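**Q**
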Amino acid sequence: MSRRTSRSRGSAAARITSASPCPCGLPAAYGQCCGRFHSGSAAAPTCEALMRSRYAAFVVRDAAYLLRTWHPETRPPGVDFDPAMQWVGLDILDTTEGSAFHSTGTVTFRAHYTDDGRPDSLHEKSRFVRHDGAWVYTTAVFVD
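If you read the sequence shown in my numbering, its first letter stands for residue 79, the second for the next number, and so on.
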């Protein structure tokens, strides 16, 4: 989820409150799910949890969280958001390693979005590593 960027728009984030369903797709409220990672009150315990929280950060347009959870060697200088794009769903297709007992992991997913109202999706295999004790995103291979 690293290739689509443009200008920021704050109104998308305003639709999500701590009581809203979490955009990552798990059956929990945003504040009890990915919101706690975004706020810094908890760290993602697995690379799948980090992937879900990074997807949710795209939904709520939390550039600071995305940058904070990006490996310093591959982190861009900033994240901008395309105002015509709306993320609408996440399917986790596969994970390898990435638990509390691993130092690396991958998550293959399909993220669904609309771009100027046209539906599309991003199919990606993301790589994660532990850096200073926390999971961070490193790179991705776009599957199609």
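Quick reminder that beta carbons are idealized off the backbone N, C-alpha and C, glycines included.
All values reported here derive from a predicted model rather than from experimental measurement.
Among V137, W213, H190, which residue has its Cα nearest to the Cα of D169?
**A** Closest option to D169, Cα to Cα, is H190.
**Q** Excluding the 5 residues flanking P123 on each side, which residues of the same chain have their C-beta closer than 7 Å to its C-beta?
**A** These residues qualify, in order along the chain: A178.
**Q** Span of the beta strand (DSSP E) holding G183?
**A** Segment 182–193, the beta strand (DSSP E) holding G183.
**Q** Taking one C-beta from the region 91–106 and one from the region 144–160 each time, how about it: are there three or more such pairs within less than 8 Å?
**A** Short answer: they don't touch.
**Q** Given a cut-off of 8 Å on the beta-carbon distance, is the pair A121 and A212 in contact?
**A** Against a cut-off of 8 Å, the Cβ pair of A212 and A121 comes out as a contact.
**Q** Going by alpha carbons, who is nearest to V185 out of C111, P105, V221?
**A** Of the listed residues, the one whose Cα sits closest to V185 is V221.
**Q** Can you tell me the Cα-Cα spacing of F159 and R139, whole angstroms?
**A** C-alpha separation (whole angstroms): 7 Å.
**Q** For a quick check, are the C-beta atoms of C102 and Y143 less than 8 Å apart?
**A** The answer is no: Cβ separation not under 8 Å.
**Q** Tell me which residues share the same chain as A127 and place their Cβ nearer than 6 Å to its Cβ, disregarding the 5 neighbours each side in the sequence.
**A** Contacts found: none.
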